[in-house]
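Below you'll find the structure, written out as C-alpha cells, and then a few comments.
2 protein chains.
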Amino acid sequence: MTGPIRVLLADDQALVRGALAALLRLEDDLDVVAEVGDGTDVVAAAREHDAQVCLLDIEMPGMDGIAVAGQLRAALPEVRSLMVTTFGRPGYLRRALEAGAAGFVVKDTPATELADAIRAVHAGRRVVDPALATESLAGGPNPLGDRERQVLRECLDGEPIATIAARVHLSPGTVRNYVSSAIGKIGATNRVEAARIADRNGWL
Amino acid sequence: MTGPIRVLLADDQALVRGALAALLRLEDDLDVVAEVGDGTDVVAAAREHDAQVCLLDIEMPGMDGIAVAGQLRAALPEVRSLMVTTFGRPGYLRRALEAGAAGFVVKDTPATELADAIRAVHAGRRVVDPALATESLAGGPNPLGDRERQVLRECLDGEPIATIAARVHLSPGTVRNYVSSAIGKIGATNRVEAARIADRNGWL
DNA sequence: TTTCGGATGTGACACCTGTCATCCGGACCT
DNA sequence: AGGTCCGGATGACAGGTGTCACATCCGAAA
Chain A
128 MTGPIRVLLA DDQALVRGAL AALLRLEDDL DVVAEVGDGT DVVAAAREHD
178 AQVCLLDIEM PGMDGIAVAG QLRAALPEVR SLMVTTFGRP GYLRRALEAG
228 AAGFVVKDTP ATELADAIRA VHAGRRVVDP ALATESLAGG PNPLGDRERQ
278 VLRECLDGEP IATIAARVHL SPGTVRNYVS SAIGKIGATN RVEAARIADR
328 NGWL
Chain B
128 MTGPIRVLLA DDQALVRGAL AALLRLEDDL DVVAEVGDGT DVVAAAREHD
178 AQVCLLDIEM PGMDGIAVAG QLRAALPEVR SLMVTTFGRP GYLRRALEAG
228 AAGFVVKDTP ATELADAIRA VHAGRRVVDP ALATESLAGG PNPLGDRERQ
278 VLRECLDGEP IATIAARVHL SPGTVRNYVS SAIGKIGATN RVEAARIADR
328 NGWL
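Residue numbers (my numbering), protein chains in the order written: chain A, 128 to 331; chain B, 128 to 331.
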C-alpha cells in the first residue's frame, strides 16, 4: 500500500492555508486530506482523516504548533510533524524538536522544497534548516529559569510592574527581582529590551 | 483583447509567495506573470512584465507594501494594487487607500475569495474587508504628529531614552517631551505600552 | 533531625522616566 | 523693528524602576 502521502495542514491564516493546499495538490504523490485553522483541532482531525504528515504553523492563537506537536506524539506516535514558521528563532527549533517534531522549515524557503521536506519526513528522515541548526547550537540553551520566563512574557507589552505582579500572583518586589536577574543574564538594560531579545531567541 | 489578467505577486516569504502563485494558477482567467520578494523590485518588474494587478504584502523588509503602492500609482497609474496583509490594522487600511491601493485583503479571508478580489480590482472596483472598514472609521485618524511617530517607532524595542535620542539626533529631554505627549494622546502609562498600542493600530 | 538550597518577600538606594513650566532662537508676517 | 508662532531644549519634581543585601519559609537531601 504505497498510495499518496496523506497530509494535514494547520495554519490559522485561511489564505496561506488554502494557498499551501493548492501548492501541495500539484504534487501527484501528496494528498491534502484535512485543513484546520486552530491548533486544538489538529489531533482529532489527524485521527479522523488518518493523516501521515502534519504541517504545523507555530504561530497560532490558542494552542501553538509546538504544543500540538507534543500532543500528536503522545496521541498518534506514527504521525510525523513538520513545523512551518515565519520566524527562524533558535529556541523554536530546540523546543520543536524536544516536542517530537520531525522537521522544521521557515517560510523563507523556496516553495519547491516544501514537498521534498514532506516526503523526507514521511520517509523517516529529519528535515532541519541547516543555517538555523547551527545558530541554535551557537546560541546555546535557554538561560532563563521558569519564573523569569513567566515574568518576562508579561513584560513584552510594557505594562508596569504592579500590573504584572498582580497577574502573576507575586509580590511586586519579587517580580522586580526576577526581572533584574533576567536582565543580567541577557545583558539588556531594560526589562522590555530583555523581553524582546528573549522573544527573538524563542526563549519565552 | 480580453486575455487573462496579468498578476504580479510580491511577498518576502518565498513559501507563501509560491503557494499563492499555485493557488492563483488554478484560475483560468488569471496569469501570474511575476513573483518578487523585495518591495524595491516591484515597479521595475511590473513594467517589464506589463502587470495589470499587483498583489502586495504590507510587511516586507526594506520597502513596505504601502510605499510600493504609492510608487506604483506614480510610475504606472494604470496598474491596480491589491494589498494583502497579516494584520488587520485600521491605520494600515487608511494609509493603503491614501497611497492609492485599490483593494485590501487580510490573510484570514478564505482562499477562494482572493481570485474574486483580483477580478474585482481589475474591473475597477474597490475591495475592502467590511469589518476592517468600519473599525478604521471608528478608530479615527492617526492622532500622532510626525515627530511623535518617529520617536515612538524607536520605543518599540524598549531601548533607553538616551539611545533613542542619539539615533533621532535630538536632546534626551526633547525626546521625553514627545514621548510624554504621545503617551497622553494615546492614554497609556508607558512609552512602550504607547508604542505597542500605536503599532497595533497601524499609526507608526 | 539538621542542614542546605531554592523560592519568595522586604527595604534601601541610585538612577531612569514621565510631567510640567519655561525659555531660547529662528521663521514668518506686518 | 516689533510681534507671534513653533520646534527644540532645559530644569525641577514625583514616581517608577533596577540593583543589592538580607530575611523568611519550606521541602529535599544528608
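Heads up, the beta-carbon is just placed ideally off N, CA and C, and yes, glycines get one too.
{"Item": "Shortest alpha-carbon distance to MET190 (chain B) belongs to which of B:ASP168, B:CYS181, B:ARG200?", "Value": "B:ASP168"}
{"Item": "Going by the CB atoms, is the gap between ALA244 (chain A) and VAL254 (chain A) shorter than 8 Å?", "Value": "yes"}
{"Item": "Looking at the secondary structure, which residues open and close the alpha helix (DSSP H) in which GLU320 (chain A) lies?", "Value": "318–327"}
{"Item": "Going by other Cβ atoms of all chains shown within 10 Å of its Cβ, with 16 needed for buried, is GLU225 (chain A) buried or exposed?", "Value": "exposed"}
{"Item": "Taking buried to mean at least 16 other C-beta atoms within 10 Å of its own C-beta, is GLY230 (chain A) buried or exposed?", "Value": "buried"}
{"Item": "Assess contact between the region 272–290 of chain A and the region 310–321 of chain A, defined as three or more Cβ pairs (one per stretch) separated by less than 8 Å. Is contact present?", "Value": "yes"}
{"Item": "Which partner residues does VAL255 (chain B) have in the DSSP bridge list?", "Value": "B:PHE231"}
{"Item": "Run through chain B and tell me which residues come within less than 9 Å of ARG323 (chain A), C-beta to C-beta.", "Value": "LEU283, ASP284, GLY285"}
{"Item": "Tell me whether PRO257 (chain A) is buried or exposed, calling it buried when 16 or more other Cβ atoms sit within 10 Å of its Cβ.", "Value": "exposed"}
{"Item": "Against chain B, which members of the region 298–326 of chain A pass a CB distance test of less than 9 Å?", "Value": "ALA315, THR316, ASN317, ARG318, VAL319, GLU320, ALA321, ALA322, ARG323, ILE324"}
{"Item": "Mind checking who SER208 (chain B) pairs with in its DSSP beta bridge?", "Value": "B:CYS181"}
{"Item": "Could you give the distance in angstroms between the alpha-carbon of ARG200 (chain A) and the alpha-carbon of VAL233 (chain B)?", "Value": "33 Å"}
{"Item": "Find the nearest neighbour of GLN277 (chain A) within the set A:GLU262, A:ASP139, A:LEU297, judged by alpha-carbon distance.", "Value": "A:LEU297"}
{"Item": "As a quick exercise: from B:GLY300, B:LEU271, B:VAL295, pick the residue whose alpha carbon is nearest that of ALA325 (chain B).", "Value": "B:LEU271"}
{"Item": "Could you tell me which of A:LEU182, A:ALA141, A:TYR219 sits nearest to VAL134 (chain A), measuring between CA atoms?", "Value": "A:LEU182"}
{"Item": "Assign LEU220 (chain A) to one of two classes, buried (16 or more other C-beta atoms within 10 Å of its C-beta) or exposed (fewer than that).", "Value": "buried"}
{"Item": "If you follow the alpha helix (DSSP H) that ALA250 (chain B) is in, where does it begin and where does it stop?", "Value": "That residue, ALA250 (chain B), is in no alpha helix (DSSP H); it is neither H nor E in DSSP."}
{"Item": "Grab me the residues of ALA108 (chain A)'s own chain with a C-beta within less than 7 Å of its C-beta, minus the 5 sequence neighbours each way, in chain order.", "Value": "With chain A covering only 128 through 331, there is no way to say anything about residue 108 (chain A)."}
{"Item": "Output the distance between the C-alpha atoms of ARG339 (chain A) and VAL211 (chain A), rounded to the nearest integer angstrom.", "Value": "Nothing about residue 339 (chain A) can be reported from this structure: the residues present for chain A run from 128 to 331 only."}
{"Item": "Can you give the Cα-Cα distance for ARG246 (chain B) and ALA293 (chain B), rounded to whole angstroms?", "Value": "48 Å"}
{"Item": "Select from B:LEU157, B:ALA172, B:VAL306 the residue whose C-alpha is nearest the C-alpha of GLY164 (chain B).", "Value": "B:ALA172"}
{"Item": "Within a Cβ cutoff of 8 Å, which residues of the same chain sit near ALA228 (chain A), ignoring the five residues on either side of it in sequence?", "Value": "LEU183, ILE193, ALA196, SER208, LEU209, MET210"}
{"Item": "Would you kindly check if the distance between the Cβ of GLY166 (chain A) and the Cβ of ALA137 (chain A) is under 8 Å?", "Value": "yes"}
{"Item": "Once the 5 residues before and after LEU331 (chain B) are set aside, which same chain residues still bring their CB inside 7 Å of it?", "Value": "ARG276, LEU279, ARG280, ALA325"}
{"Item": "With a Cβ-Cβ cutoff of 8 Å, do GLN198 (chain A) and VAL160 (chain A) count as a contact?", "Value": "no"}
{"Item": "Say whether chain A places a C-beta atom closer than 8 Å to the C-beta of ASP243 (chain B).", "Value": "no"}
{"Item": "Taking the continuous beta strand (DSSP E) assigned at ALA137 (chain A), which residues delimit it?", "Value": "132–137"}
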